[in-house]
Each structure stands twice: as C-alpha cells, then as structure tokens.
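> Let me begin by handing over the structure; questions about it come next.
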Amino acid sequence: MSLRICILETDVLRPELTAQYQGYGRMFEQLFSRQPVAAEFQVYNVMNGDYPPDGEKFDAYLVTGSKADSFGTDPWIQTLKAYLLKLYERGEKLLGVCFGHQVLALVLGGKAERADRGWGVGIHRYSLAAHAPWMDPEVSELTLLISHQDQVTELPEGATVIASSDFCPNAAYHIRDQVLCFQGHPEFVHDYSRALLDARQEYLGDEVYQRAVASLSTEHQGDLVGKWMLKFIGHSAKGNESAA
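With the UniProt record's numbering applied, the sequence shown covers 1 to 244.
Okay, here's the thing in structure tokens:
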C-alpha cells in the first residue's frame with residue numbers, strides 16, 4: 001500500500017524557473033518517485049491559502065522551503081503555524097525542509113532567526129550526530145544542496161540532532177517518531193541551485209557566489225535523505241516497523 005503524503009507548499013518559484021521546475025511540491029514528488037517506497041501525493045500551496053479539506057487522511061505532512069522568513073508575521077505564516085500545531089497535537093507525522101525545518105521548530109517551542117554566519121549556499125557537508133532505524137543505509141557524513149540565511153538556533157524540547165556542522169549546528173533533527181526536519185534541500189538538483197545562485201549573485205557577493213558555484217562539482221545525497229524520509233513515515237505508520 002502506498003504512503004499518502006500531503007505536501008504543504010510554502011512558496012511560488014521565480015517566473016523564469018516555473019516552466020522547468022514547476023514548484024517545490026513537484027520537486028518532492030520527483031525525489032520520492034526515485035525511492036523504493038511507494039507513495040502518492042497531494043500538493044497544497046498554503047501561501048495561497050490552499051489546505052486539505054477537513055477529514056482528508058494522510059500518513060504524513062511535509063512543509064517545503066520558502067523565500068519567506070519562518071519568523072515572519074505574514075498572515076499566511078501565522079495560519080500555517082496554527083495548522084501545524086493542531087496536526088502535531090493530534091499525533092500526525094510532520095516533516096520539514098529549510099523553511100519547514102525552521103517553522104516546525106518555532107511551532108514546537110524552539111527558535112529560528114537570521115544567522116550571524118550569513119548565507120549558506122551550494123553544497124554543504126554535515127557530520128551525522130545520531131542514527132535511527134529508518135536511517136538506512138547509515139553514513140558518517142551527509143552532503144546536501146543548501147540555500148538559506150536563517151537557522152534553527154534552539155531546538156524544541158525532546159528534539160534529537162541528526163546532522164550538524166560548524167556553520168549549521170542544528171542542520172537536521174527529529175522528535176521521536178513524529179517529526180523529522182532538514183535544513184538542506186534533498187529535493188534540489190544542481191541546475192536549480194545554479195539558477196538560484198545566478199539570480200542572487202549580486203546580493204550574495206562574488207566570493208560567496210564563486211565558492212558556491214565551485215561546490216556544485218560535488219555530488220549530493222538528496223536521494224538518500226528522500227529515502228530516509230519515506231522510511232521514517234513508514235516506520236511510524238506501521239507501529240515502529242521500517243518501510244521496505
């Protein structure tokens with residue numbers, strides 16, 4: 001039986017990138033379609049006020065990245081936070097990436113803010129700080145494409161750090177079998193990251209831009225994280241038995 005995943009999309013792509021990449025929801029569908037765990041998806045753009053109808057059942061809810069600040073006061077962000085808190089309180093499975101990683105930390109009592117280390121872009125390498133049954137296969141280091149200037153600076157109570165670096169100490173965390181979040185972007189591909197870098201070159205500055213572009217010659221492990229995410233969902237949904 002396929003896992004049913006609700007993707008809460010929290011952004012709209014730049015117009016010049018929409019035709020090729022469509023949206024973050026579509027990127028996640030493509031990522032998960034390459035994994036050995038069967039899944040089906042419904043995408044709702046919460047930035048535009050689109051949410052699942054009452055009574056719709058899912059095995060997990062995934063919050064995507066966004067150019068918005070997770071700590072912003074936009075009405076749609078406040079609505080999303082209230083919605084996520086209700087999902088958490090009724091025991092639903094929650095996953096977050098980048099903005100989603102940060103907003104879930106905020107909802108659950110942690111802290112996210114503009115990082116004093118500046119922009120993180122390109123390929124970034126993390127040390128694995130913990131292992132769990134759904135982190136199969138195990139690795140000692142993790143590389144992911146990133147694009148962020150905000151970070152989770154205080155974890156929610158009960159959270160366990162999975163991946164960290166000097167630049168981003170709380171790069172990934174989970175809360176028991178209910179919440180799993182990553183600052184990096186497993187759904188990104190190199191060409192999309194390069195397009196974002198080119199669009200932000202002037203803002204980033206030449207040194208940061210050139211270093212990030214050079215890093216794109218390295219492979220990243222987005223597919224591995226995608227596999228972990230689906231196994232995490234299956235692990236919880238089947239009463240602590242890992243998905244195949």
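We treat Cβ as the ideally placed atom computed from N, Cα and C, and that holds for glycine.
(1) Can you tell which of Asp198, Pro133, Val43 and Ala38 has the C-alpha that lies nearest to the C-alpha of arginine 14?
(2) Have a look at phenylalanine 32 and aspartate 206 and give me their C-alpha separation to the nearest angstrom.
(3) Report the option in Asn48, Cys98 and Leu224 whose CA atom is closest to the CA atom of aspartate 74.
(4) Counting along the chain, where does the alpha helix (DSSP H) carrying valine 97 start and finish?
(5) Are the beta-carbon atoms belonging to leucine 180 and asparagine 170 less than 7 Å from one another?
(6) Express the C-alpha separation of tyrosine 51 and leucine 204 in angstroms, rounding to a whole number.
(7) Just to confirm my understanding: we take serine 66, look at its own chain, exclude 5 residues before and 5 after, and list those with CB closer than 6 Å. What are they?
(8) Roughly how many angstroms lie between the CA atoms of tryptophan 76 and aspartate 223, to the nearest whole one?
(9) Exposed or buried, which one is glutamate 138 when buried takes at least 16 other CB atoms within 10 Å?
(10) For glutamate 89, which of helix, strand or coil comes out of DSSP?
(11) With respect to the alpha helix (DSSP H) encompassing alanine 68, which residues constitute its N-terminal and C-terminal limits?
(12) For phenylalanine 41 and aspartate 54, I'd like the C-alpha separation in whole angstroms.
(13) Taking the alpha carbon of alanine 38 as the reference point, which residue from Glu29, Val46, Asn45 and Tyr44 has its own alpha carbon closest?
(14) In whole angstroms, what is the alpha-carbon distance linking arginine 117 and glutamine 201?
(15) What are the boundary residues of the beta strand (DSSP E) that glutamine 151 is part of?
Considering the structure as presented:
(1) Here residue 14 is taken as the residue at index 14 of the sequence shown, counted from 1. Residue Asp198 is the option with its Cα nearest to arginine 14.
(2) What you label residue 32 is simply residue 32 of the sequence shown in a count that begins at 1. What you label residue 206 is simply residue 206 of the sequence shown in a count that begins at 1. Looking at the two C-alpha atoms, the distance is approximately 34 Å.
(3) Residue mapping note: residue 74 aligns to position 74 of the sequence shown, counting from 1. Among Asn48, Cys98 and Leu224, the Cα nearest to that of aspartate 74 is on Asn48.
(4) For the purposes of this step, residue 97 is identified with residue 97 of the sequence shown, where counting begins at 1. Element bounds for valine 97: not the alpha helix (DSSP H) but the beta strand (DSSP E), 94 to 97.
(5) Here residue 180 refers to the residue found at position 180 when the sequence shown is read from its first residue. Here residue 170 refers to the residue found at position 170 when the sequence shown is read from its first residue. No, the Cβ-Cβ distance between leucine 180 and asparagine 170 is not below 7 Å.
(6) Indexing the sequence shown from 1 puts residue 204 at position 204. Indexing the sequence shown from 1 puts residue 51 at position 51. Those two C-alpha atoms are separated by around 34 Å.
(7) Translated into the one-based positions of the sequence shown, residue 66 becomes position 66. Excluding positions up to five away in sequence, the list reads Thr10, Asp11 and Phe99.
(8) Along the sequence shown, one-based indexing puts residue 76 at 76. Along the sequence shown, one-based indexing puts residue 223 at 223. Cα to Cα, tryptophan 76 sits roughly 30 Å from aspartate 223.
(9) Position 138 of the sequence shown, counting from 1, holds the residue named residue 138. Looking at its Cβ environment, which holds fewer than 16 other Cβ atoms inside 10 Å, glutamate 138 is exposed.
(10) Here residue 89 corresponds to residue number 89 of the sequence shown, with the count starting at 1. Helix.
(11) Here residue 68 corresponds to residue number 68 of the sequence shown, with the count starting at 1. Premise fails: alanine 68 is in no alpha helix (DSSP H) and is neither H nor E.
(12) Position 41 of the sequence shown, counted from the first residue, corresponds to residue 41. Position 54 of the sequence shown, counted from the first residue, corresponds to residue 54. Answer to the nearest angstrom: the Cα atoms are 17 Å apart.
(13) Residue numbering aside, residue 38 sits at position 38 when the sequence shown is read from its first letter. If we check each option's Cα against that of alanine 38, Glu29 comes out closest.
(14) Numbered from 1 along the sequence shown, position 117 holds the residue referred to as residue 117. Numbered from 1 along the sequence shown, position 201 holds the residue referred to as residue 201. In a straight line, the C-alpha of arginine 117 is about 18 Å away from that of glutamine 201.
(15) Your numbering for residue 151 matches position 151 in the sequence shown. From DSSP, the beta strand (DSSP E) with glutamine 151 extends over 150 to 154.
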